[in-house]
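One structure is given here, and the rest of the page talks about it.
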Amino acid sequence: MGRSHTIVGGVHTDAMEALLLYAVTGAAAGVLAGLFGVGGGLIMVPALALVLPHQGVGPAVVMQVAIGTSLAVISATSVSSMLSHHRHGGVLWPAFRLIAPGLALGAVAGALTAHLLPGAVLERIVGVGAVLVSIQMFLDLQPRTTRTLPGAAGLFGAGTVIGALSSLIGIGGGSLTVPFLSWRGVSMRQAVGTAAACGVPIAWAGAAGFMVAGAHVAGRPEFSVGYVSLGAFAGLAVVSVLTAPLGARLAHHLPPRALKRAFAALLLVIGAMLLVR
Numbered sequence: 003m004g005r006s007h008t009i010v011g012g013v014h015t016d017a018m019e020a021l022l023l024y025a026v027t028g029a030a031a032g033v034l035a036g037l038f039g040v041g042g043g044l045i046m047v048p049a050l051a052l053v054l055p056h057q058g059v060g061p062a063v064v065m066q067v068a069i070g071t072s073l074a075v076i077s078a079t080s081v082s083s084m085l086s087h088h089r090h091g092g093v094l095w096p097a098f099r100l101i102a103p104g105l106a107l108g109a110v111a112g113a114l115t116a117h118l119l120p121g122a123v124l125e126r127i128v129g130v131g132a133v134l135v136s137i138q139m140f141l142d143l144q145p146r147t148t149r150t151l152p153g154a155a156g157l158f159g160a161g162t163v164i165g166a167l168s169s170l171i172g173i174g175g176g177s178l179t180v181p182f183l184s185w186r187g188v189s190m191r192q193a194v195g196t197a198a199a200c201g202v203p204i205a206w207a208g209a210a211g212f213m214v215a216g217a218h219v220a221g222r223p224e225f226s227v228g229y230v231s232l233g234a235f236a237g238l239a240v241v242s243v244l245t246a247p248l249g250a251r252l253a254h255h256l257p258p259r260a261l262k263r264a265f266a267a268l269l270l271v272i273g274a275m276l277l278v279r
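Below, the structure is given as structure tokens:
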């Protein structure tokens, strides 16, 4: 599809539409980051995959740019969400300190893997990830709490797996971290808050990996660092950082079950679209 050249007030309408989409998507991502301990990546990645081709991004690297940019945005929203949960006493810092190195290592590995995969394969991986997260959220599947947290080696290993899978599909890892922590005896309130903190090493290390891996790849946006689009990052990050504290406050004052199921339904539609596109 060709790019629109209609101009309104000196601004291309395709650019105006992109900015509006970035703002709406960023608002949704920020609220979700605070509300559920997720980084909003499963909203941002499909949205970016739709709009980036109209910004001149080559089809071979659209998914890598969408995922890398999503992680860069989450690197901002996760800090805001983490601080909000910390103020409510929701972050289990001893566990975070042990799992964080594994999360960072796994995130870099996930970024390098995404760099090597064809865009069509990545699109299907993100679609499958969205569907699986949707099912988990809609059915509210939580493993039985029958164990305690593992030691340093166990948390490092779990973090490596969570970080790699999260970075590969451009999410902050909350949909994986929350069930894991809950399974290992952490209260749901602290599991959500700690998952928000865990999004920081995943996003920062993952975004760095995408920046380095895509440094000399053709077809990237005009203003980018590796696979991270600076224009999309700016448009998404500003709004999402402002709305993340709202989500965190809602998580401590409202029963999120209905919202969670609505979000799960949206994810199911997004995942299906990516799989059949």
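Quick note: the sequence shown uses our numbering, first residue 3, plus one each step. Glycine is no exception: its CB is placed at the ideal position from the N, C-alpha and C atoms.
Tell me the rounded alpha-carbon separation between residue i and residue j.
i	j	result
I272	A116	20 Å
G172	G233	18 Å
F225	G42	23 Å
G108	G131	17 Å
V53	F235	13 Å
L105	A160	8 Å
A113	A29	25 Å
S177	L100	19 Å
Among the options, which residue has its Cα nearest to the Cα of residue i?
i	options	result
Q66	H56, A106, M213 and T179	M213
L94	L151, P103, A29 and A166	L151
Q192	A267, M84, M18 and G174	M84
S82	M139, L248 and D142	L248
L124	T79, G174 and A51	A51
A246	V33, T27 and V26	V33
Is residue i close to chain C, meaning its C-beta is less than 8 Å from at least one C-beta of that chain?
i	result
V278	Looking for chain C here will not work: only one protein chain is present.
Pick helix, strand or coil for residue i, following the three-state DSSP scheme.
i	result
S6	No answer about S6 holds up, because its pLDDT of 42 lies below 50 and its placement is not dependable.
V59	coil
V214	helix
V188	coil
V219	coil
L232	helix
Skipping 5 residues on each side, what residues in its chain have a beta carbon closer than 7 Å to that of residue i?
i	result
W206	S77
G221	V59, G60, A62 and V63
G12	With a pLDDT of only 42 at G12, under 50, the local geometry of the prediction cannot be trusted, and the value read off the model is given with reservation. For G12, where only same-chain residues beyond five positions count, there are no Cβ hits under 7 Å.
V230	G70, T71, A74, A209, F212 and M213
L170	G112, T115, A116 and I127
V219	V63
F98	T196, A199 and C200
For residue i, which residues in the same chain have their Cβ closer than 6 Å to its Cβ, ignoring the five residues on either side in sequence?
i	result
G237	L21 and Y24
Output the boundary residues of the alpha helix (DSSP H) element that contains residue i.
i	result
E125	G121 to F140
R99	W95 to L118
R89	V64 to R89
I45	G43 to V53
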